[in-house]
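Colleague: Residues 1050 to 1150, numbered by my numbering, are exactly what the sequence shown covers, in order.
The structure follows.
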Amino acid sequence: MVHRAVFVAIESDGPRWTVKADTLTAGREYSVDDTVYNAVRAAVTRLVRNREVGLDAYTGPVYFMMHSVSSESRARELAAALHAALHGDLEPLNHAVPPMT
């Protein structure tokens, strides 16, 4: 919060992993753009449909969480993609969770 940065983390949940992001730590002036919010929400929805994350995924607009990620490396990839998206760069998210064609 002191650095006014979006908080993104992964944590071990037994054999599975959780990805979390909290935008409140970035301060009151930070907000998630509608384009970014819609892209993140769509990506998380695809992950749920593909059973890569649990049905209890939370898609913002302030707090984002994905449970039941299968591995640490996948959790790190999703966390990095989410972090980039929350800073306006959707390319890593599109790479990690390709849009449906």
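For each residue, glycine too, the CB sits at the ideal point set by N, CA and C.
Per the DSSP calculation, Y1107 is bridged to which residue(s)?
Modeller: Within the sequence shown, numbered from 1, the residue matching residue 1107 stands at position 58. DSSP lists M1114 as partners of Y1107.
Colleague: Between which residues of its own chain and M1115 is the CB-CB distance below 6 angstroms, once the five residues before and five after are set aside?
Modeller: Taking the sequence shown and counting its residues from 1, one reaches residue 1115 at position 66. Same-chain partners within the cutoff: V1068, V1102 and A1106.
Colleague: Can you give the Cα-Cα distance for E1121 and T1074, rounded to whole angstroms?
Modeller: As a working mapping, residue 1121 is identified with position 72 in the sequence shown. As a working mapping, residue 1074 is identified with position 25 in the sequence shown. If I take the Cα positions, the gap works out to 24 angstroms.
Colleague: Go through the segment 1072 to 1109 residue by residue and report every complete run of the alpha helix (DSSP H) that reaches 4 residues or more, in order.
Modeller: Listed in chain order, they are 1083 to 1098.
Colleague: Using DSSP's beta-bridge definition, name the partner residues of S1119.
Modeller: Here residue 1119 refers to the residue found at position 70 of the sequence shown. S1119 is not bridged to any residue.
Colleague: Relative to the C-alpha of D1083, which residue among A1128, N1143, M1149 and G1137 is closest?
Modeller: The residue given as residue 1083 occupies position 34 in the sequence shown. Of the candidates A1128, N1143, M1149 and G1137, the one whose C-alpha sits nearest the C-alpha of D1083 is G1137.
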